[in-house]
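Here the structure is laid out as structure tokens; the discussion comes afterwards.
Residue numbers (full-length UniProt numbering): 1 to 118.
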């Protein structure tokens with residue numbers, strides 16, 4: 001998957017075209033993502049007997065197909081495709097392969113959110 005949780009994406013087609021947001025969830029089997037404040041839907045819920053469950057209209061994010069989003073390149077301020085590069089690094093006596101995500105537009109390394117680069 002070229003998009004992971006925490007990435008900033010831009011919507012490239014559809015009703016929300018041009019909007020950017022942060023990925024909250026990724027569904028690889030459905031090839032879909034849930035993006036913060038994008039593709040909002042309304043759900044009418046019924047009041048339950050419990051005091052905590054209130055009825056009313058709840059707004060929440062709906063899944064968006066991955067084909068409609070692209071990774072956002074902050075340097076170019078546009079959508080970009082992702083390329084991968086394998087870098088070899090020596091750690092003591094052994095060699096470690098490190099996979100990096102590269103912006104096809106600018107050639108800059110795009111860090112994975114929550115990941116610390118070596």
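The beta carbon of each residue, even a glycine, is placed where N, CA and C say it ideally should be.
Query: Cβ distance (whole Å) where residue 71 is taken to contact residue 82 below 8 Å; Result: 6 Å
Query: Residues bridged to residue 40 [DSSP beta-bridge criterion]; Result: 61
Query: Inter-residue Cα distance where the pair is residue 85 and residue 42; Result: 42 Å
Query: Nearest neighbour of residue 80, chosen from 91, 114, 109 [CA to CA]; Result: 109
Query: Contact between the region 54-68 and the region 5-23 (3+ Cβ pairs under 8 Å); Result: yes
Query: Closest by C-alpha distance to residue 113, when choosing among 22, 15, 91, 35; Result: 22
Query: Backbone secondary structure at residue 67 - three-state DSSP; Result: helix
Query: Exposure label - residue 48; buried when at least 16 CB within 10 Å; Result: exposed
Query: Three-state secondary structure assigned by DSSP to residue 89; Result: strand
Query: Residues near residue 2 in its chain [Cβ-Cβ closer than 7 Å; skip 5 each side]; Result: 71, 82
Query: Sequence-distant residues of the same chain with beta carbon closer than 8 Å to residue 106, five excluded per side; Result: 73, 75, 76, 80
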